[in-house]
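Peer 1: Handing you this structure, nothing more for now.
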Amino acid sequence: PTAPAVMTLEQAAAYVQVSPADIQALIDEGSLQARRIGSQYRIARKAIDDFLAG
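According to our numbering, the sequence shown is numbered sequentially starting from -3.
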């Protein structure tokens, strides 16, 4: 299945098969770009793909 272009923390975690806490840690340390909307994050699939590509 294709991942959506913009994902929640939980969707991003499922996409790369890690915990939401791991995604949150990457965002907090600045390794993964995300946008905060209210109290939630949105992560672009491209940002995840770019991070994984190194």
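For glycine and all other residues, C-beta sits at the position ideal for the given N, C-alpha and C.
Based on the DSSP output, what are the partners of R54 in its beta bridges?
Peer 2: In this structure the chain extends from -3 to 50, so residue 54 is not present and cannot be described.
Peer 1: Starting from P0 and walking both ways along the alpha helix (DSSP H), at which residues does that stretch end?
Peer 2: In the sequence shown, residue 0 corresponds to position 4, counting from 1. From DSSP, P0 is part of no alpha helix (DSSP H); its letter is neither H nor E.
Peer 1: Can the beta-carbon of I57 be found less than 8 Å from the beta-carbon of A49?
Peer 2: With the chain covering -3 to 50 only, the question about residue 57 has no answer from this structure.
Peer 1: In this structure, how does DSSP classify V14 when only helix, strand and coil are distinguished?
Peer 2: On the sequence shown, position 18 is the one that residue 14 refers to. Note: V14 maps to coil in three-state DSSP.
Peer 1: Give the DSSP-derived three-state secondary structure of L25 in the structure shown.
Peer 2: Residue mapping note: residue 25 aligns to position 29 of the sequence shown, counting from 1. Reading off the sequence, residue 25 comes out as Glu, not Leu. Note: E25 maps to coil in three-state DSSP.
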